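Since the structure comes first, as structure tokens, the remarks are kept for the end.
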Amino acid sequence: MAFILDGLETESYDRNYSDRALIRRIIRYFIPHRGAMVLVAFVLAVSSLLEAIAPIVIARAIDAVTGRNTVGFIVTVSAIVLTVGATAWLFNFIRQRTAARVIGDVVLALRRDVFAHVVDLDMSFFDEHPVGRIVSRVTSDTQDFSNTVTLVIDLLSQLLVVGVLTVYLFGVNWWLTLALLAMAPLAAVVALSFRKAARRVTLDSKRATATINAHMQESIGGIAIAKAFRQE
């Protein structure tokens, strides 16, 4: 886990949690939406299966069309492909819509808890840390959590598609399938290398955003103080 989280630096006020504790805390926010999450899991499985079936149907149709010039057969195959694609799109739409609602509610609850915690902090905490930076953490970090959950759901969908297609390819030609899977470690190495660079750039961007927000908050807050002294 340390390798996966390599490159993430914490603030002085951040707490360190174990993986199990983090997962337990995250699941707690999704428990009130377990019905919707079951629906998301179901439509995710169905839409992924249909997305995997679509190229298989097209490949089989191309093989079947060879040597046949009947318009009726081509129309039938086209109708099947369109039906599969439209059904996959419908299930994917339901998944994205339901997941967006659940994630939005979870982020809202998370921001409420974070805000309540920040309000209860001692005043000395705000003397050591700029308010703008704290506000940036409350807003941007929770939004990043939302993006992460969305990416995880999309990743699960793509993994299901790859899994179904891999099983099918083994039935077509197991030797070529093994040769294709042999490139997976190389792709993983490239992805992990890019991950480290992307994480560093993203972290620098988040810090710059927090610094800008801190300066803006201090500057705007100073205007009210300056006006108060001027009135006196």
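Heads up, the sequence shown is in this note's numbering, so the first residue is 283 and it goes up one at a time. We put the beta carbon where it would ideally sit given N, CA and C, even for glycine. Please read these numbers as outputs of a predicted model, since none were measured by experiment.
Self-check item: Distance CB(Thr380)-CB(Val322) smaller than 8 Å
Solution: yes
Quiz item: Thinking C-alpha only, which one of Ala470, Ile308, Ile344, Arg481 is nearest Val384?
Solution: Distances from the alpha-carbon of Val384 to those of Ala470, Ile308, Ile344, Arg481 put Ile308 closest.
Quiz item: Ordered along the chain, which non-local residues of its own chain (more than five positions away) have a Cβ less than 8 Å from that of Val347?
Solution: Phe355, Ile356, Val359
Quiz item: Is the CB of Asp426 under 8 Å away from at least one CB in chain D?
Solution: The structure shown has no chain D; it contains just one protein chain.
Practice problem: Ignore the nearest five residues each way along the sequence and tell me which others in Val328's own chain have a CB closer than 7 Å to its CB. | Solution: Phe373
Quiz item: In chain order, which continuous runs of the alpha helix (DSSP H) of length 4 or greater are located wholly inside the stretch 370 to 454?
Solution: 405 to 410, 413 to 418, 424 to 454
Quiz item: Assuming Leu392 and Tyr311 make a contact with CB atoms under 8 Å, what is their CB distance in whole Å?
Solution: 6 Å
Quiz item: Would you call the stretch 391 to 406 and the stretch 417 to 429 in contact, with 3 or more CB pairs under 8 Å?
Solution: yes
Practice problem: Can you tell me which of the three DSSP states Thr365 falls into? | Solution: helix
Self-check item: Buried versus exposed call for Ala370 [16 or more other C-beta atoms within 10 Å across all chains shown]
Solution: buried
Self-check item: Nearest to Phe324 (by Cα), restricted to the options Ile376, Ala361, Ile344, Ala343
Solution: For the residues Ile376, Ala361, Ile344, Ala343, the minimum Cα distance to Phe324 belongs to Ile376.
Practice problem: Compare the beta carbon distance of Val363 and Ala343 with 8 Å and say whether it is the shorter of the two. | Solution: yes
Practice problem: Can you tell me the Cβ-Cβ gap for Val446 and Leu331, rounded? I've got them flagged as a contact below 8 Å. | Solution: 6 Å
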